[in-house]
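Quick notes on the structure that follows.
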Ligand code: GAL
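Residue numbers (this note's numbering): 71 to 583.
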């Protein structure tokens with residue numbers, strides 16, 4: 071929904087809030103407020119905000135190498151070398167989080183910033199100090215750090231051994247995780263091991279654009295998938311055995327959950343197969359009662375591989391021991407959600423669409439956007455709020471009464487735009503679906519906006535903005551300014567409901583709170 075500016079800014083803001091409340095009024099009930107204890111936060115990731123790419127002895131990651139390569143240097147002529155300069159400007163991030171009254175801030179640790187060689191033979195004192203200070207200052211501001219160990223930043227040294235397709239990564243990731251816990255687990259109690267296996271494995275290897283830019287869609291996504299599961303489990307078990315008794319925290323993995331709907335009632339079964347292939351492959355091994363791959367995916371992959379002439383499934387089997395090792399290794403279900411797709415079988419001669427649910431090549435299916443979709447700045451992410459409630463209910467139906475934590479949700483805009491009404495609407499409508507799912511009985515305990523601040527949106531660069539706070543990338547100090555959505559989110563948090571007194575945003579804008 072786009073709202074007209076009427077006369078003067080204030081009037082436009084009031085009108086926006088009025089319309090938003092009226093819009094919500096249709097499905098809204100006064101019972102729909104966030105319960106006590108519900109946690110609100112915002113997220114970032116190290117490569118996307120930190121900059122300081124080689125500061126104080128940091129080692130190179132696969133993203134540094136990719137954007138420094140001749141082949142990619144022309145890509146918008148942009149890199150994450152400086153980004154939002156959070157390596158130096160991190161106090162501004164804490165201030166933004168505190169200004170909005172966030173309960174927590176989810177950030178990630180750069181593996182090669184802590185371990186420049188990727189291995190524990192060299193530990194960078196500057197890297198260790200950087201995150202240590204950030205954690206201390208967050209805690210002093212009353213904000214809980216939620217820490218992701220891996221958000222796509224693999225040290226090049228490990229990539230050169232095959233990265234996520236080499237089973238060695240399981241132990242290497244375990245070593246790194248142990249070191250990070252030993253540094254910070256006394257102060258951090260919520261851990262996310264790996265962000266979005268489907269991006270690391272499927273998106274990366276199916277298209278060969280994301281680092282390390284290797285296109286090998288046949289085996290690599292599935293080898294990587296298995297190793298992500300095992301590496302996560304390794305990190306979970308290390309926490310469980312060596313740190314939990316002392317520190318008492320929680321550990322999970324953040325999966326990206328695209329909601330998949332059928333185009334016609336005939337496509338119901340295909341839609342379910344689509345969900346299992348994209349969500350289940352990264353969740354079933356951990357959260358299901360049986361463990362291992364989702365049975366329908368396993369069957370599909372066996373049949374496809376046989377048809378292609380392979381003697382074994384391209385989806386590598388788990389041994390019984392591995393199955394047990396992975397099963398149950400999460401203390402809550404962490405999910406990133408942005409959008410919904412519709413699925414139908416590919417027609418004769420039509421190439422299967424392979425954007426996000428990258429298994430659609432195996433599924434021989436095509437993805438479409440929900441009819442009548444609206445968009446932010448990214449046309450791969452149609453806005454479709456009802457999908458979120460259905461997705462959350464599906465998670466419960468699949469994996470039982472698990473605690474659910476929304477670890478990312480947000481919308482991209484572009485250009486300079488402090489008056490981001492479209493983001494306000496997106497967040498409001500998606501949060502409404504969270505509340506409705508909670509009424510349905512889904513145990514959601516937290517919600518995270520992607521992102522706290524504008525950042526380097528991978529191959530979409532700096533013009534694609536996800537921030538509640540705008541970052542001025544022309545300013546050497548990378549100054550941050552709150553958007554309308556930051557004020558809105560702060561008011562939701564303060565009143566613990568989506569409908570709040572109109573004066574709340576006004577007072578924040580006038581610097582009165
Ligand atoms: C997620 C990812 C983030 C961010 C976001 C917006 O998939 O975890 O790094 O880029 O998408 O596209």
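In this text, a Cβ means the ideal position worked out from N, Cα and C, and glycines have one as well.
*Residue of 410, 390, 458 and 227 minimising C-alpha distance to residue 450*: 410
*asked:* Are the CB atoms of residue 332 and residue 324 within a distance shorter than 8 Å?
replied: no
_Among 111, 110 and 131, the one whose alpha carbon lies nearest that of residue 120_ = 131
*Could you check if residue 556 is buried or exposed, using at least 16 other CB atoms within 10 Å of its CB as the buried criterion?*
buried
_Distance cut-off 7 Å: residue 115 Cβ against heavy atoms of the ligand GAL_ = yes
*Can residue 269 be considered in contact with the ligand GAL, in the sense that its beta carbon sits closer than 7 Å to one or more heavy atoms?*
yes
_For residue 316 and residue 214, what's the separation of their Cα atoms in angstroms?_
Residue 316 and residue 214 have their C-alpha atoms some 18 Å from each other.
*Are there three or more Cβ pairs, one per stretch, closer than 8 Å when the stretch 387-396 is compared with the stretch 431-445?*
no
*Host beta strand (DSSP E) of residue 503 (start-end)*: Counting along the chain, residue 503 falls outside any beta strand (DSSP E), though it belongs to the alpha helix (DSSP H) covering 491-510.
*Please indicate yes or no: does the CB of residue 181 lie closer than 7 Å to some heavy atom of the ligand GAL?*
no
*Looking only at C-alpha atoms, which of 445, 233 and 177 sits nearest to residue 188?*
233
*Where residue 536 and residue 454 are concerned, what is the direct C-alpha to C-alpha distance, given to the nearest angstrom?*
Going by C-alpha positions, residue 536 is about 17 Å away from residue 454.
*Under the criterion of a Cβ to heavy atom distance below 7 Å, does residue 273 qualify as lining the ligand PLP?*
Questions concerning the ligand PLP fall outside what the structure shown contains, since the ligands it does hold are the ligand GAL.
*From residue 364 to residue 271, what distance separates their C-alpha atoms?*
17 Å
_Using C-beta distances below 6 Å, list every residue in its chain close to residue 294, excluding the 5 sequence neighbours before and after it, in chain order._
Non-local C-beta neighbours of residue 294 in its own chain, meaning closer than 6 Å and more than five positions away in sequence, comprise 234, 235 and 271, ordered along the chain.
*asked:* According to DSSP, is residue 469 part of a helix, a strand, or is it coil?
replied: helix
*asked:* Tell me which residues share the same chain as residue 278 and place their Cβ nearer than 7 Å to its Cβ, disregarding the 5 neighbours each side in the sequence.
replied: Closer than 7 Å at Cβ, skipping near neighbours: 284 and 285.
*Who are the near neighbours of residue 288 in its chain, counting only those whose CB is closer than 8 Å to its CB and skipping five residues on each side?*
384
*Mind reading off the beta-carbon distance from residue 297 to residue 433? Whole number of angstroms is fine, and I expect it under 8 Å.*
Separation of the CB atoms of residue 297 and residue 433 is rounded to 23 Å, and the pair is thereby denied contact status at 8 Å.
*Candidates 208, 306, 253 and 292: which alpha carbon is nearest residue 243's?*
306
*asked:* Please tell me whether residue 566 and residue 103 are closer than 8 Å, where the distance is taken between their beta carbons.
replied: yes
*My understanding is that residue 448 touches residue 553, with C-beta atoms under 8 Å, so please give their C-beta distance in whole angstroms.*
About 17 Å separates the two Cβ atoms, so there is no contact after all.
_Buried versus exposed, by CB contacts within 10 Å (16 or more), residue 483_ = buried
*Taking the DSSP output, what are the residues bridged to residue 111?*
174 and 518
_4-residue-minimum alpha helix (DSSP H) runs that sit fully inside the stretch 226-303, ordered along the chain_ = 226-229, 238-254 and 274-277
*Within this structure, are the beta carbons of residue 404 and residue 477 separated by less than 8 Å?*
Taking 8 Å as the Cβ cut-off, residue 404 and residue 477 qualify as a contacting pair.
*Output yes or no for whether 8 Å exceeds the beta carbon distance between residue 149 and residue 216.*
No, these two residues do not count as a Cβ contact at 8 Å.
*Within 10 angstroms of the Cβ of residue 199, are there 16 or more other Cβ atoms? Answer buried if so, exposed if not.*
exposed
*asked:* Suppose contacts are defined by Cβ-Cβ distances below 8 Å. Is residue 122 in contact with residue 158 by that definition?
replied: The answer is yes: Cβ separation under 8 Å.
*Among residues of its own chain, excluding the 5 on either side of residue 479, which ones have a beta-carbon nearer than 6 Å to its beta-carbon?*
407 and 500
_Going by beta-carbon coordinates alone, are residue 322 and residue 218 separated by less than 8 Å?_
no
*If we ignore side chains and look at the alpha-carbon of each, how far apart do residue 591 and residue 196 end up?*
Because the chain spans 71 through 583 in this model, residue 591 falls outside it and cannot be assessed.
*Quick one: what's got a C-beta closer than 7 Å to residue 374's C-beta in the same chain, skipping five residues either side?*
432
*So what does residue 404 bridge to, in DSSP terms?*
324 and 475
*By a C-beta neighbour count over all protein chains shown, 10 Å radius and 16 as the cutoff for buried, is residue 527 buried or exposed?*
buried
*Coil, strand or helix - residue 416 by DSSP*: coil
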